[in-house]
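Residue numbering for the sequence shown follows the working numbering, starting at 299 and increasing by one per position.
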Amino acid sequence: LDTVAWGEEAGDAYLNDPAVLETITAEIIHSPPAPTPPPVAPPTPYPTTSAAPSIRFTSVPSTSPTQSFGDDSRTESNPAGSNGDPHFRTWKGEHFEFHGQCDVVMAKVKNFANQIGIDLDIHLRTKMVRFWSYIEAVAIRIGNDILEVKGSAAAQEDGDEKLHYWSNYEHRGDLTDLAGFPVTISPRRNKYTIDLESAYPGQKIEISTFKEFVSVKVVGATEDSFGKSVGMTGDFDTGKTLARDGVTELNCFNELGQEWQVLPSDGKLFHKMSRPQFPEHCFLPEDPRGERARRLAESNITEEAAEAACAQLKDELDRKDCVYDILATQDMDMVGAY
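Structural data, given as structure tokens:
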């Protein structure tokens with residue numbers, strides 16, 4: 299399965315607000331266990347009954363080979379994850395949006411690769427810009443090893459200057475593997491691949507950057523590898539977006555984001571704290587639909603032009619997300635994030 303948390307997208311230049319621009323990309327490394335990050339107040343379960351506006355949740359039939367989620371099946375299309383501003387996708391390929399700002403648990407698998415006490419955690423850091431947000435950074439931990447990746451809006455960067463990453467909290471540390479899983483970086487310095495072949499043949503985790511946006515994709519996931527995954531991307535078998543109790547289904551996605559905000563018990567994977575941190579709840583836009591509707595109505599790029607730019611994408615929901623991102627950001631380059 300492909301689990302995607304995106305950030306390979308167009309920059310914030312269109313925002314006309316230099317304060318929101320950031321310059322970072324990241325890379326992976328294997329090194330000794332990282333120091334314990336700053337302590338945070340004890341967790342208090344976030345209520346799952348509070349009301350919040352639902353943003354979007356759609357699904358279309360896949361035109362790819364039939365997907366079954368048994369022990370030997372793979373999710374070759376409709377990856378779970380998050381991208382865009384950001385667009386989340388469950389393990390069943392359903393899309394939804396969460397426009398809050400905070401650190402959230404995208405996915406967690408206990409005893410990963412059948413190793414007792416070795417967990418896999420994927421955390422996302424979202425940043426809110428006016429009426430929407432995007433994936434600003436991704437942190438992945440396997441066992442004691444942590445990789446953090448951020449994007450960069452600096453167009454002048456080249457070569458290793460594009461490598462803005464932290465390995466076990468060390469900026470641009472050595473990179474060979476993550477808990478024994480080999481890691482490689484693409485020649486363009488915009489994709490980091492964690493190869494899970496040794497435990498799960500044909501599977502890997504990809505972290506990609508596009509300007510200041512970051513994406514995560516779990517490629518080829520099966521019931522054996524990610525069947526017990528919990529987090530924003532939902533239940534592997536059913537695709538339901540469940541609360542932390544594993545029973546309550548949350549179809550209000552602002553509420554889902556608040557539910558899966560990173561707690562102290564989830565660990566602090568990012569090298570630097572950023573508001574909000576629990577017990578302070580995720581920041582939410584006051585009027586995401588109304589404000590976005592007004593902004594899109596004022597767009598200098600036509601919907602037809604955006605559709606033409608995104609027409610090359612094979613997945614129908616990716617095309618819709620791409621069109622929206624171009625209109626929201628006023629940046630035709632956003633298609634490069636897909």
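The beta carbon of each residue, even a glycine, is placed where N, CA and C say it ideally should be.
Limits of the unbroken beta strand (DSSP E) element including residue i
i       : result
Ala-660 : Nothing about residue 660 can be read from this structure; the chain reaches only from 299 to 636.
Ile-599 : Neither: Ile-599 is in no beta strand (DSSP E) and is coded neither H nor E.
Asp-443 : 443-448
Tyr-490 : 489-493
Arg-486 : Premise fails: Arg-486 is in no beta strand (DSSP E) and is neither H nor E.
Val-436 : 430-440
Glu-504 : 502-508
Those residues which DSSP pairs with residue i across a bridge
i       : result
Leu-611 : Partner(s): none; Leu-611 has no beta bridge.
Asp-267 : Lying outside 299 to 636, the shown extent of the chain, residue 267 is not represented and no answer is given.
Glu-395 : His-385
Ser-465 : Leu-445 and Glu-468
Phe-576 : Beta-bridge pairing links Phe-576 to no other residue.
Lys-425 : Tyr-432
Val-512 : Thr-507
Backbone secondary structure at residue i - three-state DSSP
i       : result
Ser-329 : With a pLDDT of only 39 at Ser-329, under the threshold of 50, the placement of this residue in the model should not be trusted; the figure read from the coordinates follows. It is coil, neither helix nor strand.
Asp-417 : coil
Ala-459 : Per the sequence shown, residue 459 should be read as Glu rather than Ala. In this structure, Glu-459 counts as helix in the three-state DSSP scheme.
Tyr-622 : helix
Phe-410 : helix
Pro-343 : Caution applies to Pro-343, whose pLDDT of 41 falls short of 50 and renders its modelled position unreliable; the model cannot decide the point.
Asp-300 : Low per-residue confidence applies at Asp-300: pLDDT is 46, beneath 50, and the placement is therefore not dependable, though the value from the model is reported in the following sentence. DSSP places Asp-300 in coil when its eight states are reduced to three.
Tyr-498 : coil
Gln-454 : coil
Ala-324 : Any reading at Ala-324 must be qualified, since the residue scores a pLDDT of 34, below 50, and its modelled position is unreliable; the value itself is stated next. Of the three classes helix, strand and coil, the one that applies to Ala-324 here is coil, per DSSP.
Thr-627 : helix
Write down every uninterrupted run of the alpha helix (DSSP H) in the stretch 514-571 whose length is 4 residues or greater and which is fully enclosed by it, in chain order. Runs of alpha helix (DSSP H) with 4 or more residues, each lying fully within the stretch 514-571, are found at 521-524 and 551-557, listed in chain order.
Decide yes or no for the touch test of the stretch 526-545 against the stretch 443-459: beta carbon pairs closer than 8 angstroms, at least 3 of them. By the Cβ criterion, the stretch 526-545 is not in contact with the stretch 443-459, since fewer than three pairs of Cβ atoms, one from each stretch, lie closer than 8 angstroms.
Would you say the stretch 437-445 touches the stretch 553-569, given that touching needs at least three Cβ pairs under 8 angstroms? Between the stretch 437-445 and the stretch 553-569, the count of Cβ pairs shorter than 8 angstroms is three or higher; the stretches touch.
Between the stretch 425-433 and the stretch 520-533, do at least 3 Cβ pairs fall closer than 8 angstroms? In this structure the stretch 425-433 does not lie against the stretch 520-533, because fewer than three pairs of beta carbons, one per stretch, are closer than 8 angstroms.
At least three beta-carbon pairs within less than 8 angstroms, the stretch 493-502 to the stretch 471-479: Output reads yes: the stretch 471-479 touches the stretch 493-502.
Should the stretch 574-581 be called in touch with the stretch 397-412, which here means at least 3 C-beta pairs below 8 angstroms? At 8 angstroms Cβ cutoff, the stretches touch.
For the 8 angstroms Cβ check, are there 3 or more pairs between the stretch 464-478 and the stretch 439-453? Taking 8 angstroms as the limit for Cβ pairs, the verdict is that the stretch 439-453 does touch the stretch 464-478.
Between the stretch 552-564 and the stretch 402-419, can you find at least three pairs of beta-carbon atoms closer than 8 angstroms? Below 8 angstroms, enough C-beta pairs join the stretch 402-419 and the stretch 552-564 to call them touching: three or more.
Below 8 angstroms, can you find three or more Cβ-Cβ pairs linking the stretch 618-627 to the stretch 600-610? Yes: at least three Cβ pairs fall under 8 angstroms.
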